[in-house]
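Colleague: Heads up: the sequence shown runs through residues -12 to 58, numbered per the working numbering.
Glycine is no exception: its CB is placed at the ideal position from the N, C-alpha and C atoms.
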Amino acid sequence: MKKTLILIFNRTDGKTSEMVISEPREDVTKAEVDAFVTKVRETKFFLINGMELASLKKALIRTVDEAEITA
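1) Within a Cβ cutoff of 6 Å, which residues of the same chain sit near Val51, ignoring the five residues on either side of it in sequence?
2) Of the choices Glu55, Leu34 and Thr16, whose alpha-carbon is the least far from that of Ala46?
3) Compare the beta carbon distance of Thr3 and Ile(-5) with 8 Å and say whether it is the shorter of the two.
4) Between the beta-carbon of Glu39 and the beta-carbon of Arg12, is there less than 8 Å?
5) Tell me Glu5's beta-bridge partners as DSSP assigns them.
6) Return helix, strand or coil for Val27, following the three-state DSSP convention.
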């Protein structure tokens, strides 16, 4: 089973952007996500098409279960 932490950000141009983190810890907390988002926004490290990340719209963990199809 594959898990990804997906952070969906509102940008300053009104659009959204996603940050995808593979295999997050099982016990990641909202407080940790909020602290990370604050750090990302304060440093302005990520600019997408020249636009800053304005706020966190949603954080979620996506779980995908893969099953191989055999003959």
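Modeller: Taking the coordinates as given:
1) Counted from its first residue, the sequence shown places residue 51 at position 64. Contacts found: Lys(-11).
2) Locating residue 46 in the sequence shown gives position 59, counting from the first residue. Ranking Glu55, Leu34 and Thr16 by CA distance to the CA of Ala46 puts Thr16 first.
3) Here residue 3 refers to the residue found at position 16 of the sequence shown. Here residue -5 refers to the residue found at position 8 of the sequence shown. Going by C-beta atoms, Thr3 is nearer than 8 Å to Ile(-5).
4) One-based indexing of the sequence shown puts residue 39 at position 52. One-based indexing of the sequence shown puts residue 12 at position 25. No, Cβ-Cβ distance for Glu39 and Arg12 is not below 8 Å.
5) Working through the sequence shown from its first residue, we reach residue 5 at position 18. Beta-bridge pairing links Glu5 to Ile(-5).
6) Counting from 1 along the sequence shown, the entry for residue 27 is found at position 40. Helix, per DSSP.
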